[in-house]
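**Student:** Residue numbers (our numbering): 81 to 1048.
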Amino acid sequence: MRSPRRLLLVAASSLAVLAGAGLPSLVQAQDAAAVSANAMRPSDPWAHEISDIPADTAVRFGQLPNGLRYAIVRNTTPPGQASLRVRIDAGSLMENDDQLGLAHFIEHMAFNGSTNIPEGELTKILERLGLAFGADTNASTGFDETVYKLDLPQTDEETVDTSLMILRDMLGNATLDAGAIDRERGIVLSEERTRAGPGLRSIVAQLDFFLKDQLVPDRLPIGSTSVLANAPRDRFVEFYSAYYRPSRATVIAVGDFDVDVMEAKIIATFGDWQNPAPDGAEPDLGTVQPRGLEAGSYIEAGVQPSIQITWINPPDTRPDTMAIQREGLVEGLGLRVLNRRLERLARGENPPFIGASGSRSNLFSSAEVATVSAVYQDGNWSGALAAIEQEQRRIVAFGITQEELDREITEIRTALTENVAGAATRRTPNLANSLAASVNNDEVFTAPATDLAMFEAIVADLTLDEVNDVLNGTFTGQGPLIFVTGPDAIEGGNDAILAAYQASQQTEVAALESEARVDWPYTEFGTPGTVVSTEVVEDIGTTFVTFDNGVRLTIKPTDFTDDQVLVSIRTGTGFLSLPTDEPTATLALGAAFGEGGLGQLTAEQLETVLSGRVYSASLSADEEAYRLSGTTRTEDLDLQMQVLTAYLTDAGWRPEPFERARGQFRLVLPQLDATTGGVFARDGSGLLRSGDARWTIPTLEQIASWSIDDLRTLVSSDLSQGPIEVIIVGDVDVDAAIQSVAATVGSLPARGPAATPSAEARTSTFPEGVAQPVELKHGGRADQALGFVAWPTGDNFSNPREARMVRLLADVLRLRLIDELRENQGVSYSPQVGATASSTFENYGYMSVAIELAPENLAGFFRDVDGIVADLVASPVTEDELERARRPRVEALRRSQNTNGFWMSELQDAQTDPERLPTLRSALSDMESATPADLQAVARKYLVPADAYRIQVTPRAQAEAEAEASAE
81 MRSPRRLLLV
91 AASSLAVLAG
101 AGLPSLVQAQ
111 DAAAVSANAM
121 RPSDPWAHEI
131 SDIPADTAVR
141 FGQLPNGLRY
151 AIVRNTTPPG
161 QASLRVRIDA
171 GSLMENDDQL
181 GLAHFIEHMA
191 FNGSTNIPEG
201 ELTKILERLG
211 LAFGADTNAS
221 TGFDETVYKL
231 DLPQTDEETV
241 DTSLMILRDM
251 LGNATLDAGA
261 IDRERGIVLS
271 EERTRAGPGL
281 RSIVAQLDFF
291 LKDQLVPDRL
301 PIGSTSVLAN
311 APRDRFVEFY
321 SAYYRPSRAT
331 VIAVGDFDVD
341 VMEAKIIATF
351 GDWQNPAPDG
361 AEPDLGTVQP
371 RGLEAGSYIE
381 AGVQPSIQIT
391 WINPPDTRPD
401 TMAIQREGLV
411 EGLGLRVLNR
421 RLERLARGEN
431 PPFIGASGSR
441 SNLFSSAEVA
451 TVSAVYQDGN
461 WSGALAAIEQ
471 EQRRIVAFGI
481 TQEELDREIT
491 EIRTALTENV
501 AGAATRRTPN
511 LANSLAASVN
521 NDEVFTAPAT
531 DLAMFEAIVA
541 DLTLDEVNDV
551 LNGTFTGQGP
561 LIFVTGPDAI
571 EGGNDAILAA
581 YQASQQTEVA
591 ALESEARVDW
601 PYTEFGTPGT
611 VVSTEVVEDI
621 GTTFVTFDNG
631 VRLTIKPTDF
641 TDDQVLVSIR
651 TGTGFLSLPT
661 DEPTATLALG
671 AAFGEGGLGQ
681 LTAEQLETVL
691 SGRVYSASLS
701 ADEEAYRLSG
711 TTRTEDLDLQ
721 MQVLTAYLTD
731 AGWRPEPFER
741 ARGQFRLVLP
751 QLDATTGGVF
761 ARDGSGLLRS
771 GDARWTIPTL
781 EQIASWSIDD
791 LRTLVSSDLS
801 QGPIEVIIVG
811 DVDVDAAIQS
821 VAATVGSLPA
831 RGPAATPSAE
841 ARTSTFPEGV
851 AQPVELKHGG
861 RADQALGFVA
871 WPTGDNFSNP
881 REARMVRLLA
891 DVLRLRLIDE
901 LRENQGVSYS
911 PQVGATASST
921 FENYGYMSVA
931 IELAPENLAG
941 FFRDVDGIVA
951 DLVASPVTED
961 ELERARRPRV
971 EALRRSQNTN
981 GFWMSELQDA
991 QTDPERLPTL
1001 RSALSDMESA
1011 TPADLQAVAR
1021 KYLVPADAYR
1031 IQVTPRAQAE
1041 AEAEASAE
């Protein structure tokens, strides 16, 4: 896909807009790879070779005689690690009718046996090197590409050479054994079953409507269940031979290594790869059909209510150049203004929609689409349709203002400048993914400094008239095509949709009036505080500070990410202050608090007055405190502290965002009923806390009874009392951090102690074990079910080493379940195994297993889990199992320790909890010293059959059918 909006994409985080239901975002929801609009043949030139945009000079680009291309970058964040990607220029679009789903199936088979790696051994080899299956070893298949991904915890010879050998064998020497294919069929069908739901069916309906008579709607990567179940080996071999070839492969290597050495290894490993079979054909994607005003709809319980107005044009396949980037940026600036206007409507009183957005993009090589979309609520599709139609028409008729344009230019400049500041510490996996995406998008891979320079060159002579002229042509083409999705039938059907659109067009629109400018009023909070004590913890590079008002400040300067600073303010008692017998509106806290603005500024005014600055603010309830959090850059630390302190002392608590959050819950709760995972997410957390309302998802009736006043009273009371802890981690100077905190929370009046929680509030109880699973029902497909088993364990603080052994035991249990349920039986895509331990509630924790599978396999799942658990209790795990569990966990911890987020989490309460730092220091040594006997000991202690709590989610339709049959 030629991506003229690259400069906008890298700045996207600066504009918080609740996305509507545009097609591109929906299609990505099926968990396929990032699909693109214009597949690039690797035998073509690199994009920069035919462009006037300079490529990033840090990348070494090359091509072997066999056609394979490679891109190599040395990057040392995190140190000693690397990421490998291999992109194959083939996906589901290349399949024949008798191969539907085989591009993805072959991705599975590449892991299941090759010339040098026997079936079942590949992931074990990588686990012994420290790569976790799923997290570090993965692959994805999209419409036009398949990407294989390895994230290496080390760059020693063994790890690099073995990883490259594995990739080479997967891509050129897969055996595609007929028996192995048959054993994998159940896994792929399980994946289809897991993904199949109202959302995916809605996607298919939208693609059918918008891409009429084109190929894409018939080529979703998950494919056809009939083909997946029955395709003979020959169909696999045909696809693999046609498309897995060096001329379609691009190898990407990013990490802490010598570029010359890595290049030599790639040449040595992939240079002899040959494929004598004829190259596979490129698909005929079809053409955009002539269309006028049309309406369509898709109605099903569990579908997100959405509405789209779309115009279709042929795909834009021009190469990536400065001229193309200018076009995209100019149009994108206007669309950002449209999105801000739509967001303003969503923030208002009685909004016509929950969220809305406008966009223009290439869609799977098949069409260029311009869309305005919205998520509506309470069945008000017509109101949402009128609102987005009129705003789209308004911006075309009257354009945008210079003030609006200047704001967007400032926001993008800030984001691009921030990227330049952090360029030296971009993380290796992200760089590798970006390089792979640039190949698929047929775009030049540029350095952040180049992006900023291009932007400045474009906006230097940009005029308001040019932006408005471009907007005049944005929403044109075949159509407009209007599509509505939702759970409830539309009275009058598609004719009613057309009538509503035509009625809206009769409404006159006028230019928007400019709003009065405001200033930032929260600069002083009192006399700056005085430091009364300072302690430096040398071994973890952390400084503890206490102010005269009792505020505790913890500072950890890091060099993990240049120009990034994380800040949190913790106070109050969080969940400990909430009632245990009735769910509260704190579930809406995250959505309502920040959007509620401040006493003197609405959220929109706050964004306007601080345009061009880097800050954020969110509030969440932890188990034992409330946490105000923000992310900023080094130069904006003072502002970030002012913003968080203003929210702490003068939150706005406006009703509109609360009502918006309530509307979102009214949308989401019915959707959860349509899938096994949704039902479990809705009901499971409360069940695992013995009905404690603090973890129970409320009903629609309970949500209807909430009020913003109740939420404000509940939370404000807790936020106003108790000690304040501030943690600052990142690219920060200690003295500057102290001064910033002294002038903000350090200047507040001294606070008394936090409220004392009741004994009941300090208790969280795991449910009693059950012999028969607790039964939950879902409204989805009859072949979908979920099984879950959990055993109570201990908390995270009474015996930290034991808690770590429980996690390692869970990892071993996962290895065995994958071997049994995935590899041996082929009944499930991926069993989920984990261990949870509370850092607040004494003796609360559990180890759990969850799996999505067919209902008829539930009994066997519970039986297999019982058998594996019994063996873990009876016999020690093997040394190989322990190492395959431990190495990935140790390497993941080491990676985490090189992130600011890790330290932000681990340093909380470090000044008041005497066990906090010793526990932090022992994390690696505890895991590295683990023995099979340690794991057997915790298995014997906690994996008690009578204590197992079981849940199964089965189809409601099946139960209703059985009830009807018995009644007859």
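Every residue gets a Cβ at the ideal spot worked out from N, C-alpha and C, and that includes glycine.
Starting from the N-terminal side, write out each stretch of the alpha helix (DSSP H) that is 4 residues or longer and does not extend beyond the segment 570-632.
**Tutor:** The qualifying runs are 573-585.
**Student:** On the criterion of 16 or more Cβ atoms from any shown chain inside 10 Å, does residue 348 qualify as buried, or is it exposed?
**Tutor:** Exposed: under 16 other Cβ atoms inside 10 Å.
**Student:** Where does residue 695 sit, in a helix, a strand or coil, going by DSSP?
**Tutor:** Three-state result, residue 695: coil.
**Student:** So which of 922, 298, 923 and 927 has the shortest CA-CA distance to residue 915?
**Tutor:** Nearest of 922, 298, 923 and 927 to residue 915, Cα basis: 927.
**Student:** Given 8 Å as the limit, is there contact between the segment 849-860 and the segment 660-678, that is, 3 or more CB pairs closer than that?
**Tutor:** Contact fails: fewer than three Cβ-Cβ distances are below 8 Å.
**Student:** Between residue 837 and residue 656, is the Cβ-Cβ spacing less than 7 Å?
**Tutor:** The answer is yes: Cβ separation under 7 Å.
**Student:** Exposed or buried, which one is residue 852 when buried takes at least 16 other CB atoms within 10 Å?
**Tutor:** Residue 852 comes out exposed.
**Student:** Exposed or buried, which one is residue 586 when buried takes at least 16 other CB atoms within 10 Å?
**Tutor:** So residue 586 ends up on the exposed side.
**Student:** Within the continuous beta strand (DSSP E) that includes residue 857, where are the two ends?
**Tutor:** First-last of the beta strand (DSSP E) with residue 857: 854-858.
**Student:** Quick check on residue 582: buried or exposed, where buried means 16 or more other Cβ atoms within 10 Å of its Cβ?
**Tutor:** Exposed, because fewer than 16 other Cβ atoms sit within 10 Å of the Cβ of residue 582.
**Student:** Drop a sphere of 10 angstroms on the beta-carbon of residue 377, count the other beta-carbons inside from all chains shown, and report buried for 16 or more, exposed for fewer.
**Tutor:** Classification for residue 377: buried.
**Student:** Does residue 1034 pass the burial test, meaning 16 or more other C-beta atoms within 10 Å, or should it be called exposed?
**Tutor:** Residue 1034 comes out buried.
**Student:** Could you compute how far the alpha carbon of residue 397 sits from the alpha carbon of residue 145?
**Tutor:** If you take the alpha carbons of residue 397 and residue 145, they lie about 27 Å apart.
**Student:** Under the rule that 16 or more other beta-carbon atoms within 10 Å means buried, what is residue 848, buried or exposed?
**Tutor:** Exposed is the call here.
**Student:** Going by beta-carbon coordinates alone, are residue 814 and residue 645 separated by less than 7 Å?
**Tutor:** No, Cβ-Cβ distance for residue 814 and residue 645 is not below 7 Å.
**Student:** Between the Cα of residue 336 and the Cα atoms of 500, 155 and 318, which residue gives the shortest distance?
**Tutor:** Of 500, 155 and 318, the residue nearest in Cα terms is 155.
**Student:** For residue 637, name the three-state secondary structure that DSSP assigns.
**Tutor:** Residue state, collapsed to three classes: strand.
**Student:** Cutting at 7 Å between CB atoms, please list the residues of its own chain near residue 509, excluding the five before and the five after it.
**Tutor:** Excluding sequence neighbours, residue 509 sits near 163 and 231.
**Student:** Would you kindly work out how many angstroms separate the C-alpha atoms of residue 580 and residue 441, rounded to a whole number?
**Tutor:** When rounded, the distance between both Cα atoms is 26 Å.
**Student:** Within the chosen definition, does the segment 270-282 reach the segment 238-248 through at least 3 CB pairs nearer than 8 Å?
**Tutor:** The segment 270-282 vs the segment 238-248: no contact.
**Student:** Can you grab the Cα-Cα spacing for the pair residue 468 / residue 977, in whole Å?
**Tutor:** Distance between the alpha carbons of residue 468 and residue 977: 46 Å.
**Student:** So which of 433, 691 and 197 has the shortest CA-CA distance to residue 388?
**Tutor:** Minimum Cα distance to residue 388 is reached at 433.
**Student:** If we count the other Cβ atoms within 10 Å of its Cβ and call it buried at 16 or more, is residue 762 buried or exposed?
**Tutor:** The residue is buried, with at least 16 neighbouring Cβ atoms inside 10 Å.
**Student:** What number of angstroms, rounded off, separates the C-alpha of residue 45 from the C-alpha of residue 766?
**Tutor:** Because the chain spans 81 through 1048 in this model, residue 45 falls outside it and cannot be assessed.
**Student:** To which residues of the same chain is residue 548 closer than 6 Å at the C-beta, ignoring the five residues directly before and after it?
**Tutor:** The answer, listed in chain order, is 479.
**Student:** From the beta carbon of residue 555, is the nearest beta carbon of chain C less than 7 Å away?
**Tutor:** Annotation note: the requested chain C is absent from the structure, which comprises a single protein chain.
**Student:** Around the Cβ of residue 463, are there at least 16 other Cβ atoms within 10 angstroms (buried) or fewer (exposed)?
**Tutor:** Buried, because 16 or more other Cβ atoms sit within 10 Å of the Cβ of residue 463.
**Student:** Give the single residue among 296, 286 and 300 whose Cα lies nearest to the Cα of residue 275.
**Tutor:** The shortest C-alpha separation from residue 275 is found at 300.
**Student:** With distances taken Cα to Cα, identify the nearest neighbour of residue 565 among 191, 286, 985 and 983.
**Tutor:** Minimum Cα distance to residue 565 is reached at 286.
**Student:** If you measure between the beta carbons of residue 331 and residue 470, is that distance less than 7 Å?
**Tutor:** Going by C-beta atoms, residue 331 is not nearer than 7 Å to residue 470.
**Student:** Who pairs with residue 932 in a beta bridge, going by DSSP?
**Tutor:** DSSP output for residue 932 lists 866 as bridge partner(s).
**Student:** Once the 5 residues before and after residue 961 are set aside, which same chain residues still bring their CB inside 7 Å of it?
**Tutor:** Within the same chain, residue 961 has close Cβ partners 892 and 895.
**Student:** Quick one, are the C-beta atoms of residue 1019 and residue 952 less than 7 Å apart?
**Tutor:** Contact: yes.
**Student:** From what residue to what residue does the alpha helix (DSSP H) around residue 513 run?
**Tutor:** Looking at the DSSP string, the run of the alpha helix (DSSP H) that includes residue 513 is 508-520.
**Student:** Thinking just about the alpha-carbon of each residue, which of 905, 967, 973 and 979 is nearest to the one in residue 944?
**Tutor:** The shortest Cα separation from residue 944 among 905, 967, 973 and 979 belongs to 905.
**Student:** When we look at the beta-carbon of residue 196 and count the other beta-carbons within 10 Å, is it buried (16 or more) or exposed?
**Tutor:** With fewer than 16 other Cβ atoms within 10 Å, it is exposed.
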